[in-house]
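Here's the structure we're looking at; comments come further down.
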Amino acid sequence: MNKIKRNKIIIPLDVPSTKRKEYQNNYLKITHNSGRLMLFAGDQKIEHLNDDFYGKGIDDSDADPEHLFKIASQSKIGVFATQLGLISRYGMDYKNIPYLIKLNGKTNLVKKNQDDPVSKQFVEIEDIIFLKKHNRLNILGVGYTIYLGSEYEAEMLVEAAKIIHDAHQEALVVVLWVYPRGKAIKVEKDAHLIAGATGVASCLGADFVKVIYPDLKGKPSHQAIKEVIQSAGRTKVIFSGGKSVSSKEFLKRLNYQLEFGAMGSATGRNIHQKELKEAIKFCKAIYDLVVERKEIKQVLKKF
Amino acid sequence: MNKIKRNKIIIPLDVPSTKRKEYQNNYLKITHNSGRLMLFAGDQKIEHLNDDFYGKGIDDSDADPEHLFKIASQSKIGVFATQLGLISRYGMDYKNIPYLIKLNGKTNLVKKNQDDPVSKQFVEIEDIIFLKKHNRLNILGVGYTIYLGSEYEAEMLVEAAKIIHDAHQEALVVVLWVYPRGKAIKVEKDAHLIAGATGVASCLGADFVKVIYPDLKGKPSHQAIKEVIQSAGRTKVIFSGGKSVSSKEFLKRLNYQLEFGAMGSATGRNIHQKELKEAIKFCKAIYDLVVERKEIKQVLKKF
Amino acid sequence: MNKIKRNKIIIPLDVPSTKRKEYQNNYLKITHNSGRLMLFAGDQKIEHLNDDFYGKGIDDSDADPEHLFKIASQSKIGVFATQLGLISRYGMDYKNIPYLIKLNGKTNLVKKNQDDPVSKQFVEIEDIIFLKKHNRLNILGVGYTIYLGSEYEAEMLVEAAKIIHDAHQEALVVVLWVYPRGKAIKVEKDAHLIAGATGVASCLGADFVKVIYPDLKGKPSHQAIKEVIQSAGRTKVIFSGGKSVSSKEFLKRLNYQLEFGAMGSATGRNIHQKELKEAIKFCKAIYDLVVERKEIKQVLKKF
Amino acid sequence: MNKIKRNKIIIPLDVPSTKRKEYQNNYLKITHNSGRLMLFAGDQKIEHLNDDFYGKGIDDSDADPEHLFKIASQSKIGVFATQLGLISRYGMDYKNIPYLIKLNGKTNLVKKNQDDPVSKQFVEIEDIIFLKKHNRLNILGVGYTIYLGSEYEAEMLVEAAKIIHDAHQEALVVVLWVYPRGKAIKVEKDAHLIAGATGVASCLGADFVKVIYPDLKGKPSHQAIKEVIQSAGRTKVIFSGGKSVSSKEFLKRLNYQLEFGAMGSATGRNIHQKELKEAIKFCKAIYDLVVERKEIKQVLKKF
Amino acid sequence: MNKIKRNKIIIPLDVPSTKRKEYQNNYLKITHNSGRLMLFAGDQKIEHLNDDFYGKGIDDSDADPEHLFKIASQSKIGVFATQLGLISRYGMDYKNIPYLIKLNGKTNLVKKNQDDPVSKQFVEIEDIIFLKKHNRLNILGVGYTIYLGSEYEAEMLVEAAKIIHDAHQEALVVVLWVYPRGKAIKVEKDAHLIAGATGVASCLGADFVKVIYPDLKGKPSHQAIKEVIQSAGRTKVIFSGGKSVSSKEFLKRLNYQLEFGAMGSATGRNIHQKELKEAIKFCKAIYDLVVERKEIKQVLKKF
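Residue numbers (our numbering), protein chains in the order written: chain A, 263 to 565; chain B, 263 to 565; chain C, 263 to 565; chain D, 263 to 565; chain E, 263 to 565.
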């Protein structure tokens, strides 16, 4: 692994000079000095309700939210993304976990033929800072989802812009989830559209942007991934893992993304639907690829 | 009854350290040192208008709101949930009652085929604290309803998140009512859906979550109840009592819920539609089951 | 007349202890020590535009808003309810009038088949207190209308709850107008529905609630009126006068309401559509019934 | 001309005692000591876009907004009503003009069969006071438009009420434009409806109300105008000029309005569509009628 | 080039006297002492997503947002307009660029037959001032888009009015983008309609207004352009460049606009879709025309 140097980190200008060192610290911690982010996504209990945590093919242990904390605590990860409320109930027992607060959320109950998606900010940055300082929690960043192309897009763009400003004022790293979705969107996984989404994130000043992997028809071309990453500029792109696939297939696809410039990964179901030991092992594999940039062959050996 | 120890209570991290003892006190009082909550629901004068308080099969005394206060004052209960406005008119005569302020409410007049449900916060936490301190009222917690799957879900999720934060800052215990409802919801009592609802409550950081009992087709399986309770994690689940049924049937069902992990009960109509003595007797029975965990056979003897 | 004693007034708990005496004063003044409220409604210039003030069967003097102030100033009334703006233009010449500020209002132009009714708060309680103190106006209370069952119900419930809190903080008496109205409401004058409306007012903590008189099919049963009044608990019920009827008929109906527990009256058109002397005489008759509780026979003699 | 005496001006009670003299000054200036207001309306560049300023029958000079300032500066007028933004660009060269800030505005692009009209407040009263004091501008009042009967009526009623309160706190005179408009309104020029509109303005506490002249079918009856004016009470009524008509016809109609109680005039197109000299001459004629109350015959001689 | 003198600049009255010199400085810098503005538009990564930056006929370098900064840094331009978020990531390396912060933005995903356009303010003026001072960035102005004729027009008019006031308080120059758009607009490029748009900008007090060039049917008449410019009064008009055309054609059209009174240009795609050297060369040509007012023949020689 090539470590990035502290002085090579581009600190956004909305981070005050008194907080620049803290931002660098957060950035180095969240990426384990690699500049690449391995995000363990544990925010789907609102997004997908209990669909991702209970049922066929899902380990029984996943039915209990503490499973997420156990994995996050015992695995090599960059950051564990979940809601503030959940952390407020488990955080005292899992102080070592690096946290990223997911600031908004919605259920999947209203379908897009009924109404366009909208998701709003739950808590203020200052509430997070209070929680962090008061409990010495290891909170390194925040996340927020924008549904581009929704009729409520304007509300989410405004909230995102304000969050990025407020979070940077407090030295937090910001990850935007940007998903084109709504009646106006015919093909959510179109690479050119997703390149638009990463561009929007970069105009809003996000540190990282998480988008859907553009695999509409089989394996996307190098060019398609490149467009998506280039458009983000200095905002780094990570792809969401999507539905559960076989571990090998998952890791191969992830390596492919990293080779073409993705600066990390965001994985939820593919990790937490496994029982604890398997989940820890899988996190290790992802970490080895994303942070350590180990050879894919070497990583796959264990599967 | 096994008493819980003060130092075993998990205090949410958004309770400031200076308020932790007060939170523990409130928690112990509201559960009578048992960790289980017997909630007497008196908030339906807005939700159901006068339907629950007047008519066939309802005792005449229930027509007067003071009936609720008489029951709450003379019975063994965990907490009496009702609106601040009602308490402001009766509280001076019923200072011994343990109160939980229900913060929002809506009538049942607009049906879901006309518009999706929305219910908004009436008063601020600081108003409640003023009322509590100024009048030495025994206010231990607050409650709020979210209609998951409503087109207005986002507004309620945001209000709920902020209320939990503000209430914990003041050491109040928070109960969320979470009901999937709206045009998008086909089967409100589906266990998997309700497990989603308890999961949302846990992500928001509620202390207790009140959901509909998933009894779609006859008695639900142990597994169904277990899914609902597991998904809530450290947020405790209580089931709403639903329509009036025979006392015996009610108590048997409640015992069944408690056996499979429910951490309390929420009962309205089944209590207040009875005349005072009967209501007090019925509260005693519920209390014996929920708080004292007495044998169901022993409890049923009196009916 | 049986005077109520100062120490028998139930002071809502949201009135601060330093303002309790002032609240008692306002309550005694507004009810002339009787506990019963004779409200002269002069807020319809927004609600009904000029329909109530000009046309067949209406005295010419009613075309000028000052007519309302002349009546209120020269008659025996409990309180004169109208908008702050109107008072700000006439109050300097009518300082003796006991005022109640109607805080919201809407015109009757948009019909319910086009859109559900919504009416919003014009001015803040602090603005009213400023006006009151600065000009030594005799402002004793405030009023607000809620349209239950409207698609905008939530907005009005929230405003009402906040107004009651803020007004009580300033020792003002609060009258809620609560009318079920909107596409969802088939029969606005249904007694059971109106009992629901008075229950909502009591849950919000209003001092008085003004509802439509439930006279759907001829004279309503005692039971129907009793349900409406009981449901309100310690919130006192007054019925709106409705359309102009003959003076005798009006007074008989009012006496009937009072006999069954109504704690006052709210009258507009039946007063102000008369020329000044007639209006004063009619106010005297209402006052004799409501406040003095004189015999109906004695009161009717003059008509 | 009969001058009104300072001590005969009815000062609204929401003007603080420390500002009463300033309110009197503003009132006397805006009416040239006559109590009657000659308002030169220059706010239509938003309302009607360029339709009123360019095209057939309109003098070329009117294409440039400065034309309005030239007229206002060189003519006898009561007050020149326009947006703050325009004044901020020309006011330094036209410091002698008496200004009234029109606070809201909308274009005429969305027609009422598409959506009901809504127009919202651009700037705060405190911003106006800053601009006035900082630049020693001669700002005497503010104006605001309400579309009664629009589905957005509630929002505009609330803004209007707050503006009147805030403006009076700063001694400014308030003119409300009140127009019944929207899908619910069949006949905008109905006299009885317009009497409703002036009544609403009086309930909100406006100093002047500007309404459409009710000339539905030929010349309206004296009675119709009287209803409109009586309903306004102590709020004074001025009629908008409407479309361009011949100067003689315009002046005759204006005189007729004044004879029956109108307390001023509001004229836009009929003034500014003329070239400068003609416009000045026409302002003089209006001023002679409105403020000086000269004989109509004498005024018409010059046309 | 005729330089404008400092004391000839018309300073809007909402610029405080203590900031007038700074406003003059900003105005002179942004126009290079010419009074004419050459605006390089780099805000389309939100407006048009990646359509303008990747694909046929677009240089590969344009796929990376840094291309915009390279052009802006190495070319002669008046001001570079883009979002704050993008500047916060690149500004440390491009401190010499004169910036204008585009305050709102929307994507092009929702089409007007689905919903009318709305675009809202991302960040506050005070946030911009913080960023400017803290990092010594060369921020000279702000921009905001209004969609006239949209059903959401009112919201954007209000935001625009407040932004202009707040920005002038801080000595920033304001450019409004004003586009008639929405279901109500049949012909967006109609000259008379665009003259309405420039008139609205002038009523709001903008320094510059950017509108679509009214070239509906071939070359517009002098008269049409003159109407558009006259209507803006002291607000200066610049036309947006529109789709990519040949460089020669572009420059000829621009010169034509300038001859008839346009006070600058706004160009995006026609610049940044070229590779760096070509883009710099083209900026030079535009600068020569707009700021230096060189002869068109002389400028065209290089193409």
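C-beta atoms are modelled at their ideal positions from N, C-alpha and C, and glycine is treated no differently. In this text the structure is predicted, and so the values were computed from the model without any measurement.
Contact check for B/Leu275 and A/Ser350: beta-carbon distance about 4 angstroms, within the 8 angstroms limit, so the pair qualifies. Across the structure, B/Leu538 and C/Glu432 are spaced so that their CA atoms are roughly 37 angstroms apart.
For the pair E/Tyr289 and E/Ile308, the CB atoms are not nearer than the 9 angstroms cut-off. With 16 or more other Cβ atoms from the protein chains shown falling within 10 Å of its own Cβ, C/Phe302 counts as buried. A distance of 9 angstroms or more separates the beta carbons of B/Pro360 and B/Asn295. Here B/His427 is buried. Its C-beta has 16 or more other C-beta atoms within 10 Å. Judged by beta-carbon spacing, E/Lys448 lies beyond the 9 angstroms limit of E/Met418, meaning their Cβ atoms are not closer than that value. Just so you know, the alpha carbons of C/Val277 and C/His430 end up roughly 5 angstroms apart. For a Cβ distance threshold of 7 angstroms, residue set Ser350, Leu393 of chain A lies close to B/Asp276, ordered along the chain. Taking every protein chain shown into account, the CB of B/Glu413 has 16 or more other CB atoms within 10 angstroms, so this residue is buried.
Under the 9 angstroms criterion on CB atoms, E/Tyr316 is classed as interfacial with respect to chain A. Contact annotation: in the stretch 394-410 of chain A, residues whose CB is within less than 9 angstroms of a CB in chain E are Leu410.
Taking D/Leu393 as reference, the option from D/Ile408, D/Ala422, D/Lys357 with the minimal CA-CA separation is D/Lys357.
With a cut-off of 8 angstroms on Cβ pairs, the stretch 493-504 of chain E is in contact with the stretch 459-472 of chain E, counting three or more such pairs. Under the three-state reduction of DSSP, E/Lys498 is assigned to strand. Chain-ordered, the chain B residues with CB closer than 8 angstroms to the CB of A/Lys373 read Ala446. Judged by DSSP secondary structure, B/Thr407 falls within the beta strand (DSSP E) whose first and last residues are 401-410. At a cut-off of 9 angstroms, the C-beta of C/Thr460 has no neighbouring C-beta in chain D.
In the three-state scheme derived from DSSP, where H, G and I count as helix and E and B as strand, A/Ile359 is classed as coil. Put simply, the CB of E/Thr293 is far from chain D, with every gap to its CB atoms at 9 angstroms or more. Pairing C/Ser323 with C/Arg443, the inter-Cα distance amounts to about 32 angstroms. Per the DSSP secondary-structure output, A/Tyr441 pairs in a beta bridge with A/Tyr409.
CA-to-CA, the gap between A/Val507 and A/Asn532 works out to about 7 angstroms.
In the structure shown, the three-state DSSP call for B/Phe544 is helix. Taking 3 residues as the shortest admissible run, the stretch 511-562 of chain E contains the following complete beta strand (DSSP E) segments, listed from N- to C-terminal end: 526-529. Taking C-beta atoms as the reference points, C/Val561 and C/Ala547 count as a pair closer than 9 angstroms. The continuous alpha helix (DSSP H) containing D/Leu466 extends over residues 453-466. Boundaries of the beta strand (DSSP E) around A/Lys472: 470-473. Using a Cβ-Cβ cut-off of 9 angstroms, C/Ala325 is close to Ala457, Lys488, Glu489, Gln492, Ser493 of chain D, given in chain order. Within 8 angstroms of the CB of D/Ile272, the CB atoms of chain C belong to Arg351, Met354, in sequence order along the chain. Between the C-alpha atoms of D/Trp439 and E/Gly458 there is a straight-line separation of about 22 angstroms. Any Cβ of chain A closer than 9 angstroms to the Cβ of E/Asn358 would place that residue at the interface, and such an atom is absent. In the DSSP assignment, E/Met300 falls within the unbroken beta strand (DSSP E) covering 299-303. In the three-state reduction of the DSSP assignment, C/Gly317 falls in the coil class, being assigned neither a helical nor a strand state.
For the pair C/Ala446 and B/Leu410, the CB atoms are not nearer than the 9 angstroms cut-off. Taking every protein chain shown into account, the CB of E/Asp314 has 16 or more other CB atoms within 10 angstroms, so this residue is buried.
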